[in-house]
Every structure is written in structure tokens, then in C-alpha cells.
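Student: Can you keep this structure in mind? I'll have questions shortly.
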Amino acid sequence: MSSTTTDTHRAAISAMRKRLARWELDHLRQLAASQEEQLSAAHDRIEILETEAARAWDMADAMRDDISRLIEELAEAGKQVGLTVGGQLVAMPTQGAAA
Numbered sequence: 000m001s002s003t004t005t006d007t008h009r010a011a012i013s014a015m016r017k018r019l020a021r022w023e024l025d026h027l028r029q030l031a032a033s034q035e036e037q038l039s040a041a042h043d044r045i046e047i048l049e050t051e052a053a054r055a056w057d058m059a060d061a062m063r064d065d066i067s068r069l070i071e072e073l074a075e076a077g078k079q080v081g082l083t084v085g086g087q088l089v090a091m092p093t094q095g096a097a098a
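Structure, rendered in C-alpha cells:
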């Protein structure tokens, strides 16, 4: 093989390696950009879910406080509080009431 042919092959291989390196770098940049977008969207979703969870806990605390207050008020009025099978809070009839 002549030195000119060998030099041509080396140049071609070198050019192919450079093209592959550029392609690989472009591919990695696109992948990194895509993953950054996904991560940003995940962070946004986490923030929304944390806000919703905090709101749900606040509502549950408020409901618990309201129910406790209702039970106290009914107890002061001489009533007992019961819970139906369906989960409804009800005032029970006073004991000794006519059957």
C-alpha cells in the first residue's frame, strides 16, 4: 500500500472519529436538556403536591377541631355523640327516653 493511500485512509478515519465525537456530544447535549426539562417538571409537580398535602392536613385539623367542639357542645347539652356505620356523626337520644 502506498503512503498516499495510507495517509488518505488515516485522514478519513480521523474525520469519521471527529464526526462521531460531534454526534455523540450533540446527542448528550440533547439528552441532558431533555432530562433537565423532566427534572424541572418533576420539581414543579412536587411543589404542587406539597401544597395540596399541606392544605389537606389543614382541612383535616380544622374538621377535627370542629368535631371536638361539637362533641363538647352536645355533651354540655346532655347529649351523647355517636357514629353511624356510614361514618356520619349523630347526636344520640338521651338515655331514659321513651322507647
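Taking numbering that gives the first Met the number 0, the leading residue of the sequence shown gets 0, the next gets one more, and so forth.
Glycine included, every Cβ here is placed at the ideal spot set by N, Cα and C.
Identify which residue in PRO92, GLN34, ALA59 and ASP57 has its Cα closest to the Cα of ALA74.
Tutor: If we check each option's Cα against that of ALA74, PRO92 comes out closest.
Student: Under 8 Å Cβ to Cβ from LEU69, same chain only, skipping five residues before and after it: list those, please.
Tutor: Correct list, in chain order: VAL80 and LEU88.
Student: Below 8 Å on the Cβ atoms is my guess for ALA90 versus LYS78; work out the distance and round it to an integer in Å.
Tutor: With 8 Å as the limit, ALA90 and LYS78 qualify as a contact, their Cβ atoms being about 5 Å apart.
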